[in-house]
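Let me begin by presenting the structure, written as structure tokens, before commenting on it.
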Amino acid sequence: MSSQVALVGDIGGTNARFALFDLTTQSLQQIQVLACKDYDNIDQAITHYLAQQSASPDKACLAFACPVHNAQVHMTNNHWHFDKQTLKASLGLQQLRVINDFTALALALPVLPSEDLCQVGEGKVVDDKPKLVLGPGTGMGVAGLVRTQQGWLPIPTEGGHVDFAPRNELEVEVWRYLHRCFEHVSVERILSGSGLANLYQALAAVSGQQASVVDPSHITTAGCKGSDKIASQTLDLFSEILGSVAGNAALTIGALGGVYIAGGIIPRFKAYFVQSGFRNAFIEKGRFREYLSAVPTYLVLAEYPGLLGATQGLLSSERLG
326 MSSQVALVGD IGGTNARFAL FDLTTQSLQQ IQVLACKDYD NIDQAITHYL
376 AQQSASPDKA CLAFACPVHN AQVHMTNNHW HFDKQTLKAS LGLQQLRVIN
426 DFTALALALP VLPSEDLCQV GEGKVVDDKP KLVLGPGTGM GVAGLVRTQQ
476 GWLPIPTEGG HVDFAPRNEL EVEVWRYLHR CFEHVSVERI LSGSGLANLY
526 QALAAVSGQQ ASVVDPSHIT TAGCKGSDKI ASQTLDLFSE ILGSVAGNAA
576 LTIGALGGVY IAGGIIPRFK AYFVQSGFRN AFIEKGRFRE YLSAVPTYLV
626 LAEYPGLLGA TQGLLSSERL G
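To convert, count from 1 in the sequence shown and add 325; that's the working numbering.
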């Protein structure tokens, strides 16, 4: 394929999603998901993908679930690491833009179709006001989006690593259990795939049961069915803590443009989540309950929003030259 296509990627701790972006029609093509564990490093995965597509693009925008501000990028939740300039040269690219995965998700927000969003609770978007996207997957990501005279500007953060702030006695007990396991109890220690298991073990211990190691898929399946009481309690508390964290972040950036929940975890128990205490925990901020009650919250249902955001990252770099 010619330079009429660019490479876009959304690389998480578990999977790397790649696609070709047709610069003429501005459409995604040849989407493929590769398991990160199957490749020694990012360049091998990309080379394998491009060989399958018989493509040789000269531009790329890649989104990674880790800090990307340095020349050297080290993935937080897998073994991949690379130097930006070395990767650019090895792939024969004229242009390589590297962004955070939640920066990509933030960039996708203004162009997401309405059918790819499920509103949870009340509230209405205030046009041109800041937006917030956050969500649990292999890790926990957070990013903002603000309107400027040049268009939408993403605000990359590492908000998943802020302190977990217990709100009641049960959450204090959960914190105490996790503090014995981790030097720093960040929200990612709870609001992530491994966090589900951490929370399950903590709740089991708090209730006086032996804390067993469980797979996150068991928690979401058994929790929804009600066949495991601790699993159901885990989903309840997981949703409430996510609501509280989202409310805190919304207050921090004044997200009157809406709060969007992304990541791979929540869609596994979507119906349960919509009926959970998420929204109530989101708005329960004392004197600012009324303020947050007006802020809409959405669950992002799009299958590949990170790839869509990477295309916007590519186009914005094109506009900026």
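By construction, the Cβ of each residue, glycine as well, lies at the ideal position given by its N, Cα and C atoms. All figures in this text were calculated on a predicted structure; none of them were measured in a lab.
Around the CB of residue 391, 16 or more other CB atoms lie within 10 Å, so the residue is classed as buried. Setting aside the 5 residues that flank it on each side, residue 428 is surrounded in the same chain by 468, 479 and 481, each with a C-beta closer than 6 Å to its C-beta; the list follows chain order. When DSSP states are grouped into helix, strand and coil, residue 405 belongs to the coil group.
Residue 492 and residue 528 have their C-alpha atoms some 15 Å from each other. A distance below 9 Å separates the beta carbons of residue 459 and residue 584.
Within the region 394-461, the complete alpha helix (DSSP H) segments at least 4 residues long are 409-415 and 426-433, listed from N- to C-terminus. Straight-line spacing of the CA atoms in residue 419 and residue 641 works out to 16 Å. Annotation: the continuous beta strand (DSSP E) that includes residue 623 extends over 622-625. Counting the other Cβ atoms within 10 Å of the Cβ of residue 395 gives fewer than 16, which makes it exposed.
Taking C-alpha positions only, residue 444 is separated from residue 343 by approximately 28 Å. Of the residues assessed, residue 435 falls on the exposed side of the cut-off, its CB having fewer than 16 other CB atoms within 10 angstroms. Distance from the Cα of residue 416 is smallest, within the candidate group 593, 385, 347 and 567, for 385. In this model, residue 597 and residue 465 are separated by some 20 Å (Cα to Cα). Linking residue 619 to residue 455 through their CA atoms gives a straight-line distance of about 14 Å.
Ranked by Cα distance from residue 382, the first of 554, 439, 330 and 340 is 330.
Per DSSP, residue 346 is one residue of the beta strand (DSSP E) stretching across 340-347.
When 589, 638 and 607 are compared, the shortest CA-CA separation from residue 448 is found for 607.
When only Cα atoms are considered, residue 543 and residue 556 end up about 8 Å apart. Taking the Cα positions, residue 591 is about 12 Å away from residue 463. Non-local beta-carbon contacts of residue 488 in its own chain, meaning distances under 8 Å to residues more than five positions away in sequence, involve 509, 510, 511 and 512 in chain order.
Residue pairing by DSSP puts residue 473 in a beta bridge opposite 476. Here residue 505 is exposed, its C-beta having fewer than 16 other C-beta atoms within 10 Å. Bounds of the alpha helix (DSSP H) holding residue 618 are 614-618. In this structure, residue 490 sits away from residue 605, with a CB-CB distance that is not shorter than 9 Å.
The alpha-carbon separation between residue 366 and residue 413 amounts to approximately 14 Å. The shortest C-alpha to C-alpha distance from residue 346 to any of 340, 337, 333 and 339 is the one to 333.
Shown here for residue 348: same chain residues with a beta carbon closer than 7 Å to its own, the five before and five after excluded, namely 329, 330 and 331 in chain order. No Cβ-Cβ contact shorter than 9 Å links residue 499 with residue 539. In the DSSP assignment, residue 598 falls within the unbroken alpha helix (DSSP H) covering 595-599. Contact check for residue 567 and residue 603: beta-carbon distance about 6 Å, within the 8 Å limit, so the pair qualifies. A direct Cα-Cα distance of roughly 18 Å separates residue 374 from residue 406. In the DSSP assignment, residue 354 forms a beta bridge with 345. Every beta strand (DSSP E) of 3 residues or more that sits fully in the region 504-592 is shown, in chain order, as 584-586. Annotation for residue 331: the continuous beta strand (DSSP E) segment containing it runs 330-336.
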